Amino acid sequence: MLGAAQQREALTGTPALIADLGDAVLHHQRCADGVPTLWVERQRLPQVLRQLRDRFPMLLDLFGIDERLREHKPEAAADFTVVYHLLGLERCEECRIKVAVNPPDAVPSVRDIWPNADWYEREAWDMYGLEFSGHPNLRRILMPPTWEGHPLRKDHPARATEMEPFSLDEHKQAREQEALRFRPEEWGMQRATEDTEYMFLNLGPNHPSVHGVFRIALQLDGEVIVDAVPDIGYHHRGAEKMGERQSWHSFIPYTDRIDYLGGVMNNLPYVMAVETLAGIEVPARAQVIRIMLAELFRISSHLVFYGTFAQDVGQMSPVFYMFADRERLFGIVEAITGGRMHPAWFRIGGVAQDLPTGWERLVREFIDGMPARLDHYQKMAMNNGILKRRTVGIGAYSQQEAVDWGITGPALRATGVDFDLRRDRPYGGYDQFDFEVPLGHRGDCYDRAAVRVEEMRQSLRIIRQCLDNMPAGPYKSDHRLATPPPKERTLLDIETLIHHFLNVSWGPVIPAGEASFAVEATKGINNYHLVSDGGCNSYRTRIRTPSFPALQQIPLISRGLMIPDLIAIIASIDFVMADVDR
Amino acid sequence: MAEPGLGTLGTIAFGIAIIAAAVGGAAVLTWFERRLLGIWQDRHGPNRLGPFGVLQVVADMLKLLTKHDWVPPFADRAVFVFAPTAIVVAMLLGFAVVPFGPDLYVLDLNIGLLFFLGMTSLAVYSVLLGGLASNNKYALLGGLRSAAQMVSYEVFMGLSLMGVVMLAGSFSLRDIVEAQRELWFCIPQFLGLLTFTVAGIAESHRLPFDLPEAEHELTAGFHTEYGGMKFAMFMLGEYLGLILISAMIVTLFFGGWLGPWLPPVVWFGLKVFALICFFILLRAAIPRPRYDQLMTLGWKVMLPLTLLNLMATGALALWWRA
Amino acid sequence: MNTALFYLACVIALSATGLALTRANAAHALIYLIVSLLAVAVLFFLMGAPFAAALEIVIYAGAIMVLFVFVIMMLNIGEEGVERERDWLRPRFWIVPGIMSTLLLVELLLALRDGAAFGAALTSGQAVAPKAVGLALFGPYVLAVEIASMLLLAGLVGAYHLGRRFLVRGGRH
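So the protein lines, in turn, are chains A, B and C.
If you're matching positions, the first sequence starts at 1 in full-length UniProt numbering and goes up one per residue.
If you're matching positions, the second sequence starts at 1 in full-length UniProt numbering and goes up one per residue.
If you're matching positions, the third sequence starts at 1 in full-length UniProt numbering and goes up one per residue.
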């Protein structure tokens, strides 16, 4: 992985970058992933970011870190840090800007530079209590409005057993009830104008079309949407906090449940970030196995999308066909991993097991049969006139809007932005594969679906290449930090036995440092930023998911449309609430 | 008005039999539809209870009957309770004018066709009042959609049948069937058939036109707040509507009971059955248009088509007579 | 017996109309109005004008009143209306229209059973068939029909004009 890290640094040209920014840069932090990480002065942050925006047009992520208990603190760090992860699409380069802050000092808000900073800043406030000056709406976003404390702070308990037993007295109940009351003004909505009284419709958190627990408060004039304000957090489980408690190894199953349709696709960025920190090289066979499984899950996730997309515009049948296909696919996943939706099968340094005997036949049967079925679905769903009338031109955004709002993956490519991490910065062996990156051009609901449909065909192509060229060799690295370590030699010498014992019982000790790893997941860029303090669990696990910014954009693309259009938009976004709330 | 084909007592008995058959048919249809959809969607559908799962109907009925009969405290209680009955009564009355065979009918009115149209237009109140009385925003939106949809589609629903009336020279459904001895009206009145079928699906608000209900948009639309028997009444009304519309299409366009070899009532039943299957297939295949698209379709496509059909039929009828 | 049915329908029509006028709640008033229209339809039927009866149901009860309900829904009467209504929710409130509709239903069924005999008894002894209505309308009364159609056309154009303004305002961005 060091090779890749150097490559990322060379692409970005760190010295030139520092020279550009001049004396605003306080410190250049070396990270294991080679991404230039620059500490800048808090007051000059907006100016720096504005300067960087031309080269890095996308704000990929914004998050806080509580540095108070960190032993290996970077030089410029204070009690808290706010990290701005930027992405340049043209040359696929990254940059991290960090700002040190001691509350109650406030960090200048960057909402006016990137509109998607709005929710990220709210999240940082919610999780750490960090103030952002100039942010008009610094409210809870993931936690309930009545929550006390800021959960990702190191002094906030991580489990219920560390807290007082829960009780609900009358006073508390009244307070909770009051917090549930809907007041349009608090959501930035007007009750009425001179000639119209608006109707407010609460769509969700339980609604057949919101795909989980997602709520949108709608301001309606008849059935026309005047404003839509999304409300998230109903699926928040504190995955990032769990990352700080679990060992590096035992966090893997939690990642499966972030995008619960993506299966092992979630393991990939996590284990690769850990491998970057630890400097583990993954053997070729493990790489190809990972790619094959990841692409199988991409198909699985897209099939669910495809079926529910057709269903949400009122077509009843496709979802049944697609779920049947997904069932076939799960058969393969089960044969290989033993699990179905959440196999948690990737390991630090490789995968859990070698492929079982006869896997080729299963995979071949599936990829041979699938293209004909996709043709059939094309005729049934995508070519249907009513479906086209419901989705073409609906919920469209421009390339500029997509980049501004941090939209990634198929939803970005539907606007015609030709950007796919698998091709533009091949990770984990993708450089060995032939595939095309399908593009749309209108950026509307229909194109978002069409891009995903074509991606399934490309994934089939990749899987066929895996099938035909599966390399021989070990399925796990023999690096000392690969977990669990190989068992065979432990019975021969005491050193290996001790090492195995420690790695299994406590988990591996990953060297101190920071690394992030982004992959082109099923729904867009999934990025894990890990901070190791040289212990056997992570100091900070930050999970950047593609669904989060996508929901933030809903108001922009749904104003002036009707409720059925909003449903089509929601269906076309392909989000998973667990992926949004984490 | 013609003399009833059966005696007074016979008519009453037949009427009761029709009610029982229609309600029973609607109940079995709930199971049949799920099985048929299952076959088309690569799955089984309810197949556990009794032969082919047909006892599922009984199980469902028991469940609905024993469910807590709940009226939301914020609802307009009186109207809320009354609303589901309207659709069932109206639809059952609609069956009165359907001729099941040359002598098998409850009523032979000289305004039979208009009677049917009147009953279907009264059935709308169920949906409207249900939506209004629930005092729920989703129900209200469903009711609003329903009102607009029904008014728009009734306009050409009636007009689309006038071609048939012209050819038969009567509003009596029996006369209309008799007039098809030479040629079923589905051929000369193809446009009428098309528009009436579309309007019929819209009237019985089934999937392509189920906007008042629109699960994915309005959760359950006008019957969001309904449960237990009151919900079952809405369902019953919907299935009765489906059977009634199929029966009307058969009567008006497919020669009613006419057919060789088999007894007339069997022919009638077979034709209705085939049409019901067709409607279920439509439900399985077609997505739901948006509300404004549906209105556009009604006013800008269907209404002109209907008027065109009416003009052409009138002109041809005059020309043929001259 | 026909006469009795006739007067029963009259009583229902009149009292339902009276109730429709006196109800505070718009939805309930409308339901009475619909009952009243149905009663009038039965009257027409008894008088030997089945065509007019059918039109009464299809057009007045089936379409125009639907629009009334539509308007009530659009206005979406506020919370105070609901609060006020809560006091009114007693059986006495819904049982009356219920009984009325039931009686009407029974009457209709009875009337339908005996068919043509009715019309003959109550009018000058002649039931008016749909064809006769058509011949009358497009024969001696053609001028009235044309005037009415002009009026309707004017209404249509007016409605279109009003609707267009709304469409422009509510249009897509």
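From the three backbone atoms N, C-alpha and C, an ideal C-beta is built for every residue, glycine too.
Only a predicted model underlies this, so the values are computations on that prediction, with no experimental measurement involved.
Selected residue, minimal CA-CA separation from residue i, among the options
i, options, result
"residue 158 of chain A", "A/137, A/175, A/136, A/127", "A/127"
"residue 103 of chain B", "B/10, B/237, B/130", "B/10"
"residue 69 of chain A", "A/564, A/570, A/540", "A/540"
"residue 395 of chain A", "A/124, A/140, A/563, A/505", "A/563"
"residue 526 of chain A", "A/469, A/298, A/384, A/162", "A/298"
"residue 150 of chain A", "A/166, A/372, A/130, A/324", "A/130"
"residue 179 of chain B", "B/192, B/165, B/191, B/190", "B/165"
"residue 285 of chain B", "A/318, A/202, A/550", "A/318"
"residue 74 of chain C", "C/26, C/60, C/146, C/34", "C/26"
"residue 47 of chain C", "C/6, C/101, C/150, C/95", "C/6"
"residue 278 of chain A", "A/488, A/32, A/545, A/38", "A/32"
"residue 83 of chain B", "B/264, B/259, B/134", "B/134"
"residue 357 of chain A", "A/538, A/373, A/238, A/337", "A/337"
"residue 268 of chain A", "A/244, A/261, A/353, A/255", "A/255"
DSSP-derived helix/strand/coil call for residue i
i, result
"residue 210 of chain B", "coil"
"residue 247 of chain A", "strand"
"residue 170 of chain B", "coil"
"residue 341 of chain A", "coil"
"residue 379 of chain A", "helix"
"residue 84 of chain A", "strand"
"residue 257 of chain B", "coil"
"residue 170 of chain C", "Low per-residue confidence applies at residue 170 of chain C: pLDDT is 43, beneath 50, and the placement is therefore not dependable enough to give any value."
"residue 290 of chain A", "helix"
"residue 206 of chain A", "coil"
"residue 211 of chain A", "coil"
"residue 29 of chain A", "strand"
"residue 61 of chain A", "strand"
"residue 390 of chain A", "helix"
"residue 304 of chain A", "helix"
"residue 123 of chain A", "helix"
"residue 98 of chain B", "coil"
"residue 322 of chain B", "coil"
"residue 9 of chain B", "helix"
"residue 558 of chain A", "helix"
Interface partners of residue i on chain D, CB under 7 Å
i, result
"residue 50 of chain C", "The structure shown contains no chain D; its protein chains are A, B and C."
Whether residue i touches residue j by CB criterion (8 Å)
i, j, result
"residue 159 of chain B", "residue 251 of chain B", "no"
"residue 58 of chain A", "residue 451 of chain A", "no"
"residue 235 of chain A", "residue 580 of chain A", "yes"
"residue 462 of chain A", "residue 291 of chain A", "yes"
"residue 443 of chain A", "residue 415 of chain A", "yes"
"residue 253 of chain A", "residue 344 of chain A", "yes"
"residue 241 of chain B", "residue 213 of chain B", "no"
"residue 94 of chain B", "residue 116 of chain B", "yes"
"residue 234 of chain B", "residue 87 of chain B", "yes"
First and last residue of the uninterrupted alpha helix (DSSP H) at residue i
i, result
"residue 542 of chain A", "From DSSP, residue 542 of chain A is part of no alpha helix (DSSP H) but of the beta strand (DSSP E) over 538 to 544."
"residue 91 of chain B", "77 to 94"
"residue 219 of chain A", "Premise fails: residue 219 of chain A lies in the beta strand (DSSP E), 215 to 221, not in any alpha helix (DSSP H)."
"residue 233 of chain B", "228 to 253"
"residue 221 of chain B", "Run containing residue 221 of chain B: none; DSSP gives neither H nor E here."
"residue 56 of chain A", "Segment: none, residue 56 of chain A is in no alpha helix (DSSP H) and carries neither H nor E."
"residue 132 of chain C", "130 to 137"
Extent of the continuous beta strand (DSSP E) to which residue i belongs
i, result
"residue 97 of chain A", "93 to 101"
"residue 39 of chain A", "37 to 40"
"residue 167 of chain A", "Counting along the chain, residue 167 of chain A falls outside any beta strand (DSSP E), and DSSP gives it neither H nor E."
"residue 230 of chain A", "224 to 231"
"residue 19 of chain A", "Here residue 19 of chain A belongs to no beta strand (DSSP E); instead the alpha helix (DSSP H) covers 14 to 21."
"residue 107 of chain A", "106 to 108"
Q | 4-residue-minimum alpha helix (DSSP H) runs that sit fully inside the stretch 465 to 536 of chain A, ordered along the chain | A | Inside the stretch 465 to 536 of chain A, DSSP marks whole alpha helix (DSSP H) runs of 4 or more residues at positions 494 to 505, from first to last along the chain.
Enumerated in chain order, which unbroken segments of the alpha helix (DSSP H) with a length of 4 residues or greater are wholly contained in the stretch 113 to 184 of chain B?
The stretch 113 to 184 of chain B contains these whole alpha helix (DSSP H) runs: 137 to 168, 173 to 178.
Hey, which unbroken runs of the alpha helix (DSSP H) at 4 residues or more fall wholly within the stretch 403 to 435 of chain A? Here the runs fully enclosed are 410 to 413, 421 to 424.
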